[in-house]
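A short worksheet on the structure shown next.
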Ligand SMILES: Cc1cc2nc3c(=O)[nH]c(=O)nc-3n(C[C@H](O)[C@H](O)[C@H](O)COP(=O)(O)OP(=O)(O)OC[C@H]3O[C@@H](n4cnc5c(N)ncnc54)[C@H](O)[C@@H]3O)c2cc1C
C-alpha cells in the first residue's frame, strides 16, 4: 500500500472519530519560531485525553509517523513537511492548579504562564525558565533549562502516554533527567506534570526573574525569528564559543544566519528555507569539528526528510 493511500485512510478514520478537527496539508512554518517548515499531511488539535487516545490509536493502527508539536520553539521541520500525523495539545491540557508548594499543569501550559503562576503564589524555583518560550510537555521531554537549572530538577511526577497507549505516572527518580534529555520512554507523550517548588517571597522571585531576563537580553538576539540554541553544549565547553572560534559568527546560507550576538543562535533574516538552516548547521558543525575536534550535537529536533537538501 502506498503511503498516500494509508494517509487517506487514516484521515477518514480520524475525521469520523474526531469530527471537525482535522486539517490536511497544514503548513507548519507559522507554527515554528524559525518560521520555516512544509506541510503536515494530517494536522489535529487535540483537546481531551480521549481524543489523544484516538489519535495515538490511529497512528498505531496505520503505522504512521507522528509528531507532537508544542510551541515549535525547538524544532526544524523540512521544507517538504511531515508525511504523517502532527498534533498539538489544546483545551484540557492547558489547565494549571496550585496546591501548597506544588503546581500541577497540563502539557500545553507554557513555561511563561507557569513562571507567572509561581510568582503569583510566591513559589520559587522556576525563575530560570523566564524567557524559554515553549510548553511544559516539551520542556519535560527535553529537560529544558537555563542558568544552571532545568525543569527536571523540580519535577515531582509526570503523567504520559506510552507508544503502546498505556497512561502512566512516574516520579522524578524514574525519569532520569540529564542535560537536555529525559528518561521518558521513546515517543512518550507528556500530558501533565506536577512541579515541586519552594515557598519564597514575591520580591525575591521578581528580582531573580529580572536578573535572568536581563542576562538573556544582553546575551541573546531577539529581533529575528530563531529557535534558541541550535546545538547542545559539549561537556565543559559552550557551543557558542566553539562556533565563534571556528569563525562562523555572522555566516549565512540563504536567509539563515549565525547570530553575531550569540553564535549558537541561528536567525531567519527573512525568506529562509528549512534547507538553509539545515545546511548552515551542517557547515558550522563541520567547521567546529575541523577547528576543535569536537562534534556538536543538535539541540533542535530535526524533523522530516532532508534528502532534497543534500549538497
Ligand atoms: C528565544 C528562545 C530561547 C530559548 N531558550 C531556551 C533555554 O534557555 N533553554 C532551553 O532548554 N531551551 C530554550 N529554547 C528552546 C525551546 O524553547 C525549549 O526547548 C522548549 O522546551 C521547547 O518547547 P516547545 O513547546 O516549543 O516544543 P517544540 O519545539 O514544539 O517541540 C520540541 C520537542 O518536544 C516534543 N514535544 C512537544 N510536546 C511534547 C509533549 N507533550 N510530550 C512529549 N514530547 C513533546 C516535540 O515532539 C519535539 O520533539 C529557546 C527557544 C527560543 C526560541
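Residue numbers (this note's numbering): 37 to 347. All C-beta atoms in this analysis are idealised placements derived from N, C-alpha and C, irrespective of residue type, glycine included.
query                                                                                                                                                                         : result
So if DSSP puts residue 337 in a beta bridge, which residue, or which two residues, is it bridged to?                                                                         : 111
Quick check on residue 153: does DSSP put it in helix, strand or coil?                                                                                                        : helix
Looking at C-alpha atoms only, which residue of 63, 103, 150 is the closest neighbour of residue 3?                                                                           : No statement about residue 3 is possible, as the shown extent of the chain runs from 37 to 347 and does not include it.
Near residue 68, what residues of its chain come up, given a Cβ to Cβ distance below 7 Å and the 5 sequence neighbours on each side ignored?                                  : 108, 111, 113
What separation, rounded to the nearest whole angstrom, lies between the Cα atoms of residue 257 and residue 264?                                                             : 9 Å
DSSP three-state label for residue 277, please.                                                                                                                               : helix
Taking all protein chains shown into account, decide if residue 71 is buried (16 or more other Cβ within 10 angstroms of its Cβ) or exposed.                                  : buried
By Cβ distance below 7 Å, which residues in the same chain neighbour residue 275 in space, the five residues on each side in sequence not counted?                            : 265, 267, 268, 269, 300, 332
Less than 6 Å between C-beta atoms, sequence neighbours within five positions excluded: which residues of the same chain meet that for residue 50?                            : 58, 94
Using alpha carbons as the reference points, say which of 162, 221, 214 lies closest to residue 205.                                                                          : 221
Can the beta-carbon of residue 191 be found closer than 8 Å to that of residue 211?                                                                                           : yes
Let's test the definition: count the other Cβ atoms within 10 Å of the Cβ of residue 60 and tell me whether it reaches 16, buried, or not, exposed.                           : exposed
Closer than 7 Å to a non-hydrogen atom of ligand 1 - does that hold for the CB of residue 334?                                                                                : no
Enumerate in chain order the residues of its own chain whose CB-to-CB distance from residue 326 is below 8 Å, with the five nearest sequence positions on each side excluded. : 282
Counting only the same chain and skipping the five closest in sequence on each side, list residues whose C-beta sits under 6 Å from that of residue 293.                      : 303, 305
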